[in-house]
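Residue 73 in the UniProt record's numbering sits at position 73 of the sequence shown, with consecutive numbering throughout.
Here's the structure we're looking at; comments come further down.
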Amino acid sequence: MEEAIPKPSEKRVALVTGGNRGMGFEICRQLASSGLAVVLTARDEKRGAEAVDRLRGLGLPDVVFHQLEITEPASAARLADFVRNKFGKLDVLVNNAGTMGVTMEVGEAAVKEIMSSGKDQNEIAEWLKQRTTQSTQQGEECLRINYHGTKKVTEALLPLVLSSADGRIINVTSAFGLLRRRGAPAGAERHRHVDQAAAGRAVGAVRGGLEARGAGAPRVAGRPGVRGVPGVQGARVRLHEDPREGERRAAGQLRPPGLRRDRDEL
1 MEEAIPKPSE KRVALVTGGN RGMGFEICRQ LASSGLAVVL TARDEKRGAE AVDRLRGLGL
61 PDVVFHQLEI TEPASAARLA DFVRNKFGKL DVLVNNAGTM GVTMEVGEAA VKEIMSSGKD
121 QNEIAEWLKQ RTTQSTQQGE ECLRINYHGT KKVTEALLPL VLSSADGRII NVTSAFGLLR
181 RRGAPAGAER HRHVDQAAAG RAVGAVRGGL EARGAGAPRV AGRPGVRGVP GVQGARVRLH
241 EDPREGERRA AGQLRPPGLR RDRDEL
């Protein structure tokens, strides 16, 4: 007997990786507030479940949690099975999970000062580059998470996105991760300070697969800019008295219906 195919959810369904805190949490909140059913994922089950409880406490009942370790293909496959069985489709995939992969050699106060100095992004990027270090282990971990992990999760969920009449894949990266902001000649420093550029490369890899299939899924690029959003390893850059303000503004750029389509630059 053939397994019954679940009827697609009548509500739009969104999935956010790294949704238990910071900008990921705020993206979940805004999507749920806009009427979407939201799957919040996180590596830590306890923290993920607590995040869902907080959202439900805000009057947002259509949020569910599923554990995800984006570097493990089996975990991505289990997540895809969960979404398929519960919703039958996926309308919005937000690839938010990632790691900076560097060690900052300056404190929070110094970072806050340069961010609010009025310098342009290139100057800020150069200042930050001179004050960060990256070990070989950090670089490898960054590629494993930001590139390979994002790519594997996207590939696992892609059939569900293509099942939607208006499927969208949103990749949250940083302009500071673009290789052209490194100020190096072509190929000179391509392997240094590997960070959110890796996620951008993952977009290109998946995009090539879509084009090969002839699929017309729209591309959406989310670039939060300089915001007060918690980073990895407990770091936080506060540009506002209320750190949640940065999260709200950054997440607001990804909130339907204001999603920007067909942006090649991440």
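Every residue, glycine too, gets a C-beta built ideally from N, C-alpha and C.
Close beta carbons around residue i, own chain, < 7 Å, minus the five adjacent residues each side
i      : result
THR161 : It is worth fixing the name first, because residue 161 is Val in this sequence and not Thr. Same-chain partners within the cutoff: LEU90, LEU93, GLY167, ILE169 and ALA217.
THR132 : VAL102, THR103, MET104, GLU105 and HIS193
GLY57  : none
GLU45  : GLN67
ARG144 : THR71
CYS28  : VAL16, GLY19, VAL38, LEU40, LEU55 and VAL63
Proximal residues to residue i (C-beta, below 6 Å), its chain only, five neighbours per side dropped
i      : result
GLY24  : VAL16, GLY18 and ASN96
LYS11  : ALA37
VAL64  : VAL39
ASN20  : ALA42, ARG47, GLY48 and ALA51
GLN137 : none
PRO61  : none
TRP127 : ILE114
ALA109 : none
LYS129 : none
Residue of the options minimising C-alpha distance to residue i
i           : options                          : result
THR103      : ARG12, LYS112 and CYS142         : CYS142
GLY35       : GLY59, GLU123 and LEU79          : GLY59
GLU105      : GLY57, SER116, VAL13 and GLN134  : GLN134
HIS148      : GLN130, GLU72, ALA80 and ALA109  : GLU72
LYS151      : SER116, GLY98 and GLN130         : GLY98
residue 276 : PRO159, ASN85, GLU155 and ASN146 : This structure does not reach residue 276, given that the chain is present from 1 up to 266, and the question cannot be answered.
GLU155      : LEU128, CYS28, ARG78 and ASN85   : ARG78
Assumed close pair residue i, residue j - CB separation to whole angstroms, cut-off 8 Å
i      : j      : result
GLY139 : GLY107 : Contact flag wrong, Cβ pair sits at about 23 Å.
LEU157 : VAL111 : The Cβ separation is near 34 Å, so there is no contact.
VAL153 : ALA76  : 5 Å
LEU55  : ALA32  : 6 Å
Close-in-space but distant-in-sequence residues of the same chain around residue i (CB under 8 Å, 5 per side omitted)
i      : result
SER163 : PRO8, GLY88, LYS89 and LEU90
GLY118 : none
message: Assess contact between the region 56 to 68 and the region 33 to 44, defined as three or more Cβ pairs (one per stretch) separated by less than 8 Å. Is contact present?
response: yes
query: Which full runs of the alpha helix (DSSP H) of 4+ residues lie inside the region 34 to 101, going along the chain?
result: 45 to 57 and 73 to 86
message: Which complete alpha helix (DSSP H) runs does the region 95 to 164 hold, if anything under 4 residues is left out?
response: 108 to 115, 121 to 130, 136 to 142 and 150 to 162
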